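Residue numbers for the sequence shown follow full-length UniProt numbering, so the first one is 1 and each next one is one higher.
Even glycine gets a Cβ: it sits at the ideal position worked out from N, Cα and C.
Remember, predicted model here, so these are calculated numbers, not experimental data.
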Amino acid sequence: MGAVLGVFSLASWVPCLCSGASCLLCSCCPNSKNSTVTRLIYAFILLLGTVVSCIMLSGGMESQLKKIPGFCEGGFKIKVADIMADKDCDVLVGYKAVYRINFALAVFFFVFFLLMLKVKTSKDPRAAVHNGFWFFKIAAIVGIMVGSFYIPGGHFTTAWFAIGMGGAFFFILIQLVLLVDFAHSWNESWVNRMEEGNPRFWYAALLSLTSCFYILSIVFVGLLYTYYTRPDGCTENKFFISINLILCVVVSIISIHPKVQEHQPRSGLLQSSIITLYTMYLTWSAMSNEPDRSCNPTLWSIITHMTAPTLAPGNSTAPVPTSTPPSKSGHFLDTDNFIGLIVFVLCLLYSSIRNSNNSQVSKLTLSGSDSVILGDATTSGAGDEEDGQPRRVVDNEKEGVQYSYSFFHFMLCLASLYIMMTLTSWYSPDAKFQSMTSKWPAVWVKISSSWVCLLLYVWTLVAPLVLTNRDFS
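Encoded structure:
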């Protein structure tokens, strides 16, 4: 009898395999919008893939991965900056697994990017595929992952490394767009409260926060000069820090220029302070990938050196230890890569819950003819019923999509490549041979992305002055 009831219970869930997000929410979940819930589910799938990738890097997985037929036969080669080096599978088997997992995620999201081009409303049949069929989509991801583990190494690893570098570069730029959008929204919210009442309090809060970000940036620059440069060397680091510091000062001046303020009265130093801090983070992240270990100490060694005078005054002049390769028993994230993952998670969650109303994200992903910006109220309210039950997910895209489906999937595709490069440390040292694969490509990708980020932010400031025939309000 129990078996029969179990079959009927399972049969009741079969329609949910092809349904939308409402079937995935419990009765205690609050009423939500379909556009938000769908993005959160896709973000959760990507985060779940990140967790699986981290598990693959654990030491206990090496023996299991070696059991895959052909996965470790004859080792494999990695080509970085025209340097070929034989890599022992015991050391990099986890990296190979991370490449395969994120290959599957990138392929899945890229296919959906192509499939969802020009979707304008939820009435489009393709929108049902985007917002539903979750069981089949997860099964497709798992199937691609399993199949990717049987892809031979060699040229695949080399080509996928180049693709990963390019994709990670563009995702860093997307992170900037999200940060600029967050800064603009934050500034606009506080300025509105300042205009509505108690202006002194909100003005003091705005000024304090801006000052805090600039002070942190100045401290950041001082630490970079102290620990990532030497009087007789580290010329590249001196150049990176100095040029980015100068550019951040220029950008801050542009943001408060009278001409810019005339066309964009809501732009100000809060946005510039956040961009300055993010640029300093990118500068540090770039220098932490340098092959020259004397110019690249670990964050933990810097903290140890800073606290050394307190713990042991006699050791205050001891040199800062350089980075050490990960042990063979497991792969560990560098501190900068761990922080990079945190920034990635925050940006991913923000892009999933952000309303599209007049945001920098909507300006990037939507055009006026392709979408209808809807308010909080929709034609089908939270009190609507579906099959006699309260509807927990409201379809708020019947008149127009709230975000570009295709661009959202393209962003997740780039995010999976960014995760791949971050978890593999953009190729960290070989623990067995104690040698370093050239990481200068990663350095230049990150430092050039910081320059492009500053350029993009300047464009958001001066665009209304240049394109006078467009409405940027």
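Sorted by chain position, which residues of the same chain lie with C-beta nearer than 7 angstroms to residue i's C-beta, five sequence neighbours on each side aside?
i      : result
Ile174 : Met411, Leu414
Ser211 : none
Gly164 : Leu417, Met420, Met421
Thr279 : Asn244, Cys248, Ser450, Cys453, Leu454
Ile55  : Met61
Tyr42  : Leu412
Val191 : Arg266
Val4   : With a pLDDT of 37 at Val4, under the threshold of 50, the predicted position of this residue should be treated as unreliable, and no value is reported.
Phe169 : Val445, Ser449
Ala106 : Cys413, Ser416, Leu417
Ser255 : Ser267, Gly268, Leu269, Gln271, Ser272, Leu461
Lys123 : Lys398
Start and end of the alpha helix (DSSP H) containing residue i?
i           : result
Arg266      : It is not in any alpha helix (DSSP H) - Arg266 carries neither H nor E in the DSSP assignment.
Leu461      : 440-466
Met61       : Per DSSP, Met61 belongs to no alpha helix (DSSP H) and is neither H nor E.
Ser406      : 405-423
residue 479 : The question about residue 479 has no answer here: the residues shown for the chain are numbered 1 through 473.
Here's the rule I'm using: 16 or more other beta-carbon atoms within 10 Å means buried, otherwise exposed. How should residue i be labelled?
i      : result
Glu236 : buried
Leu455 : exposed
Ile141 : buried
Ile241 : buried
Thr324 : At Thr324 the pLDDT is 46, less than 50, meaning the model places this residue with poor confidence; the figure from the coordinates comes in the next sentence. Exposed is the call here.
Tyr99  : buried
Gly222 : exposed
Tyr95  : buried
Tyr457 : buried
Tyr203 : exposed
Asp181 : buried
Pro297 : buried
Lys259 : exposed
Lys177 : Checking the sequence, you will find Val at residue 177 rather than Lys. Looking at its Cβ environment, which holds 16 or more other Cβ atoms inside 10 Å, Val177 is buried.
Asn337 : buried
His257 : exposed
Asn469 : exposed
Trp459 : exposed
Arg354 : buried
Ala183 : buried
Asn198 : exposed
Ser208 : exposed
Phe171 : buried
Quick one: what does DSSP say residue i is sitting in, helix, strand or coil?
i      : result
Val394 : strand
Lys123 : coil
Lys118 : coil
Val249 : helix
Glu188 : helix
Gly197 : coil
Ile41  : helix
Asp292 : coil
Asn102 : helix
Val401 : coil
Leu224 : helix
Ile163 : helix
Gly132 : coil
His155 : helix
Asn469 : coil
Trp202 : helix
Ile68  : coil
Trp284 : helix
Ile243 : helix
Ile342 : helix
Ser329 : Any reading at Ser329 is ruled out, since the residue's pLDDT is 39, under 50, leaving its predicted position unreliable.
Leu349 : helix
With which residues is residue i paired in a DSSP beta bridge?
i      : result
Arg230 : Gly233
Lys33  : Val394
Apart from the five residues just before and just after residue i, which ones in its own chain have a Cβ nearer than 6 angstroms to its Cβ?
i      : result
Val466 : none
Gly167 : Leu414, Leu417
Thr276 : Ser217, Cys248
Phe109 : His409, Leu412, Cys413
Ser352 : Arg39, Leu40, Ala43
Ala159 : none
Phe112 : His409
For residue i, would you say it is in contact with chain D, using Cβ-to-Cβ distances shorter than 7 angstroms as the test?
i      : result
Leu299 : As a matter of chain content, chain D is missing from the structure shown, which is built from one protein chain.
Beta-carbon within less than 8 angstroms of residue i's beta-carbon, same chain only, minus the 5 sequence neighbours each way: which residues are those?
i      : result
Thr121 : Ala127, Glu397, Lys398, Glu399, Gly400, Val401
Leu224 : Asn237, Ile241, Met280, Thr283, Trp284, Met287
Phe149 : Ile68, Phe71, Ala97, Arg100
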